[in-house]
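Colleague:
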Amino acid sequence: GARYNTTYMMPVGPATTADSLASIKSHVFERRDVTMAELIDALRSNFDGREALRQTLWNSTPRYGNDDAYADAILASVCDLMHEALDGRPNTRGGEYHVNYLSTTCHVYFGSVTGATPDGRKAFEPVSDGISPVQGTDRRGPTAVLKSATRFNHSRTGGTLLNQKFTPQVVAGEEGLEKIAHLVRAYFRMGGHHIQFNVVTGETLREAQRQPEKHRDLIVRVAGYSDYFCDLTRPLQDEIIARTEHQGF
7 GARYNTTYMM PVGPATTADS LASIKSHVFE RRDVTMAELI DALRSNFDGR EALRQTLWNS
67 TPRYGNDDAY ADAILASVCD LMHEALDGRP NTRGGEYHVN YLSTTCHVYF GSVTGATPDG
127 RKAFEPVSDG ISPVQGTDRR GPTAVLKSAT RFNHSRTGGT LLNQKFTPQV VAGEEGLEKI
187 AHLVRAYFRM GGHHIQFNVV TGETLREAQR QPEKHRDLIV RVAGYSDYFC DLTRPLQDEI
247 IARTEHQGF
């Protein structure tokens, strides 16, 4: 039998969770621009007729991934709670449970069975992947993402996964390669565990959706593995397109 019988539990969507809690804390209890009853009603209806509210939640909620101590502290608290709840508990094989954040593609499926969330995400859309920010909400550049992602203790996990996407121009030439090398080394020095990149424009990916026969050789980094873009399911393709497209450091 196996020498080690550790079982890793994989919480999915920590950034979606943290942003949703940040939204409730900020909008309901501090700003008081929406009541809890109004928010719950909007979520139950998937924001039907409440698009203005959804845009407020989506655009003005403090967001993990922007070097925002308010939001980052909430994500760290979520991760601490998961560690306290699971780490070291006995499993059924004589080993222990531990935590990792390597959602691979589960965030797409879990999102497809999850209703609307208080951060403005609509029902059945993907939740956040790995420890990456919610798709499209990291607006202050890749270094801000790294600072947010290292505000919790990666060493207490069985692994974490951070995805980033760059346009090809950002990493072009020797200077571009040197910059991305510095970014990776900085992340590890700050306590990060695993970071990976797609270097492609959203327009290229959308063109591959429109004309897959012309892009059969297009490979993308999904989450811990690479695959041919045109072989992915449409929801997973859309999720990769929705990731923030960084155009500089």
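Residue numbers (my numbering): 7 to 255.
Backbone N, C-alpha and C fix where the C-beta goes; we use that ideal spot for every residue, glycine too.
When the Cα of Met88 is compared with those of Gly182, Gly126, Met16, Ser51, which residue comes out closest?
Modeller: Of Gly182, Gly126, Met16, Ser51, the residue nearest in Cα terms is Met16.
Colleague: Could you give the DSSP three-state label for Ile225: helix, strand or coil?
Modeller: DSSP places Ile225 in strand when its eight states are reduced to three.
Colleague: DSSP state of Gln141, grouped into three classes?
Modeller: Three-state result, Gln141: coil.
Colleague: Could you name the residues that DSSP lists as bridge partners for Ile201?
Modeller: Paired residue(s): Leu168.
Colleague: Ignore the nearest five residues each way along the sequence and tell me which others in Pro148's own chain have a CB closer than 8 Å to its CB.
Modeller: For Pro148, where only same-chain residues beyond five positions count, the Cβ hits under 8 Å are Gln170, Phe172, Leu189, His252, Phe255.
Colleague: Please classify Tyr107: does DSSP put it in a helix, a strand, or coil?
Modeller: In the structure shown, Tyr107 sits in a strand (DSSP, three-state: E or B).
Colleague: By the DSSP assignment, the alpha helix (DSSP H) with Tyr193 in it spans what residues?
Modeller: Where Tyr193 is concerned, the enclosing alpha helix (DSSP H) stretches over 179-195.
Colleague: Can you have a look at Phe235 and say buried or exposed, based on whether 16 or more other CB atoms are within 10 angstroms of its CB?
Modeller: Buried, because 16 or more other Cβ atoms sit within 10 Å of the Cβ of Phe235.
Colleague: Could you pull the DSSP bridge partners for Glu102 from this structure?
Modeller: BP columns for Glu102 point to Pro96.
Colleague: In whole angstroms, give me the CA-to-CA distance for Thr123 and Ile247.
Modeller: Answer to the nearest angstrom: the Cα atoms are 21 Å apart.
Colleague: How many angstroms separate the CA atom of Ser51 from the CA atom of Leu168?
Modeller: So the two alpha carbons sit approximately 32 Å from each other.
Colleague: Tell me where the beta strand (DSSP E) around Asp135 begins and ends.
Modeller: Taken as a continuous stretch (DSSP letters only), Asp135 belongs to no beta strand (DSSP E), as it is neither H nor E.
Colleague: Determine the DSSP secondary structure at Thr173, reduced to helix, strand or coil.
Modeller: Thr173: coil per DSSP, three-state reduction.
Colleague: Just tell me which of Glu102, Val34, His200, Arg222 has its CA closest to the CA of Leu108.
Modeller: Checked all of Glu102, Val34, His200, Arg222; the closest Cα to Leu108 is His200.
Colleague: When you compare the CB positions of Arg227 and Ser138, do they come within less than 9 Å of one another, or not?
Modeller: Not closer than 9 Å, so no.
Colleague: Label Ile30 either buried or exposed according to how many other C-beta atoms from any shown protein chain fall within 10 Å of its C-beta, with 16 as the threshold for buried.
Modeller: Result: buried.
Colleague: Can you tell me whether DSSP reads Thr149 as helix, strand or coil?
Modeller: Thr149: helix per DSSP, three-state reduction.
Colleague: In this structure, does DSSP put Ser232 in helix, strand or coil?
Modeller: Looking at Ser232 - three-state DSSP - the assignment turns out to be strand.
Colleague: Starting from the Cα of Pro174, find the closest Cα among Gly197, Leu211, Thr163 and give me that residue.
Modeller: Cα-wise, what sits closest to Pro174 is Leu211.
Colleague: Measure from the alpha carbon of Cys85 to the alpha carbon of each residue in Ala155, Arg95, Ile46, Leu63, then state which is nearest.
Modeller: For Cys85, the nearest C-alpha among the options comes from Ala155.
Colleague: Can you give the beta carbon distance from Thr62 to Ala28, rounded, assuming they're within the 8 Å contact cut?
Modeller: Not really, about 13 Å apart at Cβ, beyond 8 Å.
Colleague: Taking the alpha carbon of Val18 as the point to measure from, which residue in Asp93, Tyr115, Glu36 has its own alpha carbon closest?
Modeller: Per the Cα distances, Tyr115.
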